[in-house]
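Working notes, beginning with the structure itself.
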Amino acid sequence: MLQLGKIIATFREVLMAKCYYPGCESHANSKEHIPPKSFFPDSKKTNLMTVKSCKLHNNEKTKNDLYALINICTNCIVEKKDDAVEVFETRVKPQLMHNNEALFKKVFSNLTKERYGYRFKVDRERLDSFFNCLTHGILYNKTKKKINPENYFLSHLYMNLDERNEDGSIHDEATRTKMFWAENFLGNSSIADILEFKTKSKNGYSEDVYKVKIIGADFLEAIKSDDLTSSITVIHEFYGHFVVVSLLTRVTAFENSFAHFEVKSI
Ligand SMILES: [Zn+2]
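In this text, residue positions in the sequence shown follow my numbering: the first is 674, and each later residue adds one.
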């Protein structure tokens, strides 16, 4: 009898599973790899993380996967990162060159030659869309918790990309914000170590390809609650080189919450 109850409960759980995306109440009918499988070379495709997703958020993410991979890889192959070179050669290049270089022409339409190499304009909206999904997916996979989207504002700092004004000059405020995060939270940062959420979820995927750290006051033992109440930072690192700091900034006042960082959107 007890066993039957257990089977029914598991069956119901599968049937009723909701999408990982905050605010989405849709039924989850697919499994998404986070980051996508295509980011990993063939020899490093084991123990990848997944989240349950609805059709809409699965498709939305897939559309931008290749675009994000192109941007990440082109940055990393310059640094001769082996895994990035392999992924670029086997997955990215064939797609860019397919159909008379159609995708290459589209993505790099505004390529300009500069003194030290080439520069192209990044479609920020597409990259943001990819990192919105990845950030929420990671948070859900690691903590089994979803934020309430009404309480948070999500923005991303692309540490390897230059932020420029319309006239091509460096965006000073954005650059300063990035320097603040780089100095205080990246590398061997003691603040990040104290605030890091020590996850119990299964690891074992290749950290050469993707490494992630979640930090925030919610994860201090002393104030652990059932809900997420303070600002959260997710630090993604691809191929040991391309770093994105995703800031889930708590925007509404909450009793006993720790508003630990003041972050301006850029
Ligand atoms: Zn959804």
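For every residue, glycine included, the Cβ atom is placed at its ideal position computed from N, Cα and C.
The DSSP assignment places 785-787, 790-792 and 825-831 as complete runs of the beta strand (DSSP E) inside the region 784-843, in order along the chain (cut-off: 3 residues). A direct Cα-Cα distance of roughly 11 Å separates F853 from V918.
Taking 8 Å as the cut-off, one finds at least one heavy atom of ligand 1 near enough to the beta carbon of L729. The residue from I811, D756 and I905 with its alpha-carbon nearest to that of K718 is D756. Per DSSP, the beta-bridge partners of H909 are V885 and V917. Taking 8 Å as the cut-off, one finds no heavy atom of ligand 1 near enough to the beta carbon of Y912. By the neighbour-count criterion, in which a residue is buried when 16 or more other Cβ atoms sit within 10 angstroms of its Cβ, R797 is exposed. Listed as beta-bridge partners of V724 by DSSP are E705. Put simply, the backbone Cα of Y789 is about 19 Å away from that of S782.
With respect to P708, Y883 sits close: the two C-beta atoms are nearer than 9 Å. Here the distance from the Cβ of S699 to the nearest heavy atom of ligand 1 is below 8 Å. If you draw a straight line from the Cα of E846 to the Cα of N702, it is about 42 Å long. Shortest gap from the CB of Y694 to any heavy atom of ligand 1: under 8 Å. Residue state for E880 is assigned as coil, using DSSP reduced to three classes. Counted as a single uninterrupted DSSP element, the alpha helix (DSSP H) harbouring F858 occupies residues D845 to F858. The three-state reading of DSSP puts E869 in strand, counting E and B together. Distance from the C-beta of S726 to the nearest heavy atom of ligand 1 is below 8 Å.
For Y912 and Y791, the gap between their C-alpha atoms comes out near 21 Å. Cβ neighbours of F915 within its own chain (closer than 7 Å, five residues either side excluded): I745, N748, C749 and N833. Spanning the alpha carbons of F777 and L769 requires a straight line of approximately 5 Å.
The three-state secondary structure of T763, taken from DSSP, is helix. The residue from V924, K691 and C697 with its alpha-carbon nearest to that of E823 is V924. The alpha helix (DSSP H) runs of length 4 or more contained entirely in the region 730-765 are, from start to end of the chain, 755-760. Judged by DSSP in its simplified three-state form, K718 adopts coil rather than helix or strand.
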